[in-house]
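Undergrad: Below is one structure. I have some questions about it.
Numbering (full-length UniProt numbering), first residue to last: 1 to 411.
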């Protein structure tokens, strides 16, 4: 394949590039703050007191470690691989997003910032940001697309109850891309007192690596937990991909273990050939958006095109630059799953394991349902259950109205 496999030690380089992806493409106004943030993060990484406080908050406030659960009925129903679920849905606020927010708010406090801003799609990052802002007594502004506000009302109300101000974004399609545009405009205007908590492994350097590092607690726990349960490494890891933070958190501690197969699952929406999807790697090309170079959904003229997914959290036209690199060097596999396949997987996990998953996570489940029966019984697969599905009830009940009106199916 010509390019070296990435390792935890060399990625990214000093300028934030993963191969030809990443970097920092921002307005001149933001450069001093970006450099200040990088310096603060590098200092924090060397500070035992920072790690001690972060570890204590992870344990006592978030509820870590999250369980690694053997999905016996799902495994039995599919045949083939033994499937473990990493239960990030059981963490405080109901998703993996809190792992990153708790780390970034500690940095904001070290930097003397009093005002927190964030963007959100499905609302879980917004809820996690509002939660940590409340915990540390900071003003909190959340930018959210008007389309996402309509389909994620429970999370909008949670953010407001936590004291955040939710600002609707009506430009474009009213989704995550547009919310991130407005958050960046706010940051440029209020750079002196504002910290921007980016929710995924995207944006200008150092965000992709910093968010990855905070989320890597997921994969680190999997290594230790699976050693106890199986006495070895997993054979494969599966996670959904929007921007890609939950997948990067699971994958990163295993990048140098060549025997571990890494599989990211993008949203194929209504189908890759329909143009209504959010699969940046399967259907995109390299370009620059939101401060970094990565794979994007764009026209031949370089105009960003709309993304589509049944899941608001995957409805973004780009992907984190480290994923773009892993794709290019062949260290990770990337596949795509349609809305209908994700919805079927959602129902399967509900009925076989008594777990209501987020629609984002349902994309990973759908691929596991395809793949597991083709693998031997001694194959150990870990699937990251990145969030719970309470927030998706409106979307799901609308799509399954006829089915839900009938009696529940027999087991």
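Ideal Cβ positions, reconstructed from N, Cα and C, are used throughout, including at glycine. Quick caveat: nothing in here was measured; it's all calculated off a predicted structure.
Among 49, 247, 186 and 191, which residue has its Cα nearest to the Cα of residue 142?
TA: Along the chain shown, read from residue 1 onward, the residue named residue 142 stands at position 142. Closest by alpha carbon: 186.
Undergrad: Could you give the DSSP three-state label for residue 278: helix, strand or coil?
TA: The residue labelled residue 278 in the question sits at position 278 within the chain shown. The answer is coil: DSSP assigns residue 278 none of H, G, I, E or B.
Undergrad: Reducing DSSP to helix, strand and coil, say where residue 4 ends up.
TA: Translated into positions along the chain shown, residue 4 becomes position 4. Note that residue 4 scores a pLDDT of 44, beneath 50, so its modelled location is shaky and nothing firm can be said.
Undergrad: Please check the pair residue 317 and residue 177, which I expect to be a contact at CB under 8 angstroms, by giving their CB distance rounded to whole angstroms.
TA: The count along the chain shown starts at 1 and reaches residue 317 at position 317. The count along the chain shown starts at 1 and reaches residue 177 at position 177. Rounded, the Cβ-Cβ distance is 6 angstroms, consistent with contact.
Undergrad: In the DSSP assignment, find the unbroken alpha helix (DSSP H) run with residue 412 in it and report its ends.
TA: Residue 412 is absent from the structure shown; the chain starts at 1 and stops at 411.
Undergrad: I want to check one thing, is the minimum distance from the CB of residue 266 to the heavy atoms of the ligand ADP below 7 angstroms?
TA: No copy of the ligand ADP appears in this structure; indeed no ligand is present at all.
Undergrad: Quick one: what does DSSP say residue 144 is sitting in, helix, strand or coil?
TA: As a working mapping, residue 144 is identified with position 144 in the chain shown. Correct three-state label for residue 144: strand.
Undergrad: Confirm, please, whether the CB-CB distance from residue 296 to residue 304 is below 8 angstroms.
TA: Counted from its first residue, the chain shown places residue 304 at position 304. Counted from its first residue, the chain shown places residue 296 at position 296. Yes.
Undergrad: On the three-state DSSP scale, how would you describe residue 87?
TA: For the purposes of this step, residue 87 is identified with residue 87 of the chain shown, where counting begins at 1. Correct three-state label for residue 87: strand.
Undergrad: Please list, in chain order, all residues of the same chain as residue 377 whose beta carbon is under 6 angstroms from its beta carbon, the five residues on each side excluded.
TA: Residue numbering aside, residue 377 sits at position 377 when the chain shown is read from its first letter. No residues qualify anywhere along the chain.
Undergrad: Using only alpha-carbon positions, find the residue among 65, 201, 60 and 380 that is nearest to residue 104.
TA: Your numbering for residue 104 matches position 104 in the chain shown. Taking only the C-alpha atoms, the option nearest residue 104 is 201.
Undergrad: Taking the alpha helix (DSSP H) that residue 362 falls in, what are its first and last residues?
TA: Locating residue 362 in the chain shown gives position 362, counting from the first residue. Residues 359-371.
Undergrad: Which residue's Cα is closest to the Cα of residue 340: 85, 308 and 43?
TA: Taking the first residue of the chain shown as 1, we reach residue 340 at position 340. Ranking the options by Cα distance to residue 340, first place goes to 308.
Undergrad: According to DSSP, which residues form a beta bridge with residue 139?
TA: What you label residue 139 is simply residue 139 of the chain shown in a count that begins at 1. The partner list for residue 139 (beta bridge, DSSP) reads 115.
Undergrad: Would you kindly check if the distance between the Cβ of residue 216 and the Cβ of residue 249 is under 8 angstroms?
TA: Stepping through the chain shown from its first residue, residue 249 is reached at position 249. Stepping through the chain shown from its first residue, residue 216 is reached at position 216. Yes.
Undergrad: Cα separation between residue 232 and residue 371?
TA: Numbered from 1 along the chain shown, position 232 holds the residue referred to as residue 232. Numbered from 1 along the chain shown, position 371 holds the residue referred to as residue 371. For residue 232 and residue 371, the distance between alpha carbons rounds to 21 angstroms.
Undergrad: Since residue 126 contacts residue 155 with CB under 8 angstroms, what's their CB separation in whole angstroms?
TA: Taking the first residue of the chain shown as position 1, residue 126 is located at position 126. Taking the first residue of the chain shown as position 1, residue 155 is located at position 155. About 6 angstroms; that satisfies the 8 angstroms criterion.
Undergrad: Just to confirm the assignment, what range does the alpha helix (DSSP H) spanning residue 305 have?
TA: Translated into positions along the chain shown, residue 305 becomes position 305. Premise fails: residue 305 is in no alpha helix (DSSP H) and is neither H nor E.
Undergrad: Does DSSP classify residue 191 as helix, strand or coil?
TA: Working through the chain shown from its first residue, we reach residue 191 at position 191. Residue 191: coil per DSSP, three-state reduction.
Undergrad: In terms of alpha-carbon separation, which member of 400, 287, 47 and 294 lies closest to residue 300?
TA: One-based indexing of the chain shown puts residue 300 at position 300. Of the listed residues, the one whose Cα sits closest to residue 300 is 287.
Undergrad: Fully enclosed by the region 32-67, which beta strand (DSSP E) runs are 3 residues long or longer?
TA: none
Undergrad: Give a yes or no on contact between the region 206-214 and the region 124-139, applying the rule of three or more CB pairs nearer than 8 angstroms.
TA: no
Undergrad: Classify residue 152 as buried or exposed, calling it buried when 16 or more other Cβ atoms lie within 10 Å of its own Cβ.
TA: Start at 1 with the first residue of the chain shown, and residue 152 comes out as number 152. Result: buried.
Undergrad: From the DSSP output, which residues share a beta bridge with residue 381?
TA: In the chain shown, residue 381 corresponds to position 381, counting from 1. DSSP output for residue 381 lists 83 and 236 as bridge partner(s).
Undergrad: Measuring CB to CB, does residue 239 end up less than 8 angstroms from residue 336?
TA: Residue numbering aside, residue 239 sits at position 239 when the chain shown is read from its first letter. Residue numbering aside, residue 336 sits at position 336 when the chain shown is read from its first letter. Cβ atoms of residue 239 and residue 336: not closer than 8 angstroms.
Undergrad: Specify the secondary structure class of residue 295 as computed by DSSP and reduced to three states.
TA: In the chain shown, residue 295 corresponds to position 295, counting from 1. Strand.
Undergrad: If contact is defined by three or more beta carbon pairs under 8 angstroms, each pair taking one atom from either stretch, is the region 379-389 in contact with the region 77-90?
TA: yes
Undergrad: Find out if the Cβ-Cβ distance for the pair residue 197, residue 101 is shorter than 8 angstroms.
TA: The sequence position of residue 197 within the chain shown is 197, counting from 1. The sequence position of residue 101 within the chain shown is 101, counting from 1. Yes, the pair counts as a contact, with Cβ atoms nearer than the cut-off.
Undergrad: Return the residue from the list 204, 273 and 403 that minimises the CA-CA distance to residue 37.
TA: Walking along the chain shown from the start, residue 37 turns up at place 37. The shortest Cα separation from residue 37 among 204, 273 and 403 belongs to 204.
Undergrad: Does DSSP put residue 175 in a helix, a strand or coil?
TA: Taking the chain shown and counting its residues from 1, the one referred to as residue 175 is at position 175. Residue state, collapsed to three classes: coil.
Undergrad: Count the other C-beta atoms from every protein chain shown that fall within 10 angstroms of the C-beta of residue 363, then say buried if there are 16 or more, exposed otherwise.
TA: By 1-based counting over the chain shown, the position of residue 363 is 363. Residue 363 counts as buried, since at least 16 other C-beta atoms from the protein chains shown sit within 10 angstroms of its C-beta.
Undergrad: Since residue 338 and residue 271 are thought to touch, with beta carbons under 8 angstroms apart, how far apart are those beta carbons, to the nearest angstrom?
TA: The residue you call residue 338 lines up with position 338 of the chain shown. The residue you call residue 271 lines up with position 271 of the chain shown. Indeed, because the Cβ distance is near 6 angstroms, the residues count as touching under 8 angstroms.
Undergrad: Following the continuous beta strand (DSSP E) through residue 406, name the residue where it begins and the one where it ends.
TA: For the purposes of this step, residue 406 is identified with residue 406 of the chain shown, where counting begins at 1. Per DSSP, residue 406 lies in no beta strand (DSSP E) and is assigned neither H nor E.
Undergrad: Using the C-alpha atoms, what's the distance from residue 367 back to residue 282?
TA: Residue numbering aside, residue 282 sits at position 282 when the chain shown is read from its first letter. Residue numbering aside, residue 367 sits at position 367 when the chain shown is read from its first letter. Between residue 282 and residue 367, the C-alpha separation is close to 15 angstroms.
Undergrad: Near residue 167, what residues of its chain come up, given a Cβ to Cβ distance below 8 angstroms and the 5 sequence neighbours on each side ignored?
TA: For this step, residue 167 is matched to residue 167 along the chain shown. Closer than 8 angstroms at the Cβ level, and outside the excluded window around residue 167, lie 141, 142, 143, 144 and 182.
Undergrad: Are there 16 or more other CB atoms within 10 angstroms of the CB of residue 311, so buried, or fewer, so exposed?
TA: Here the question's residue 311 lines up with position 311 in the chain shown. By the neighbour-count rule (16 or more Cβ atoms within 10 Å), residue 311 is buried.
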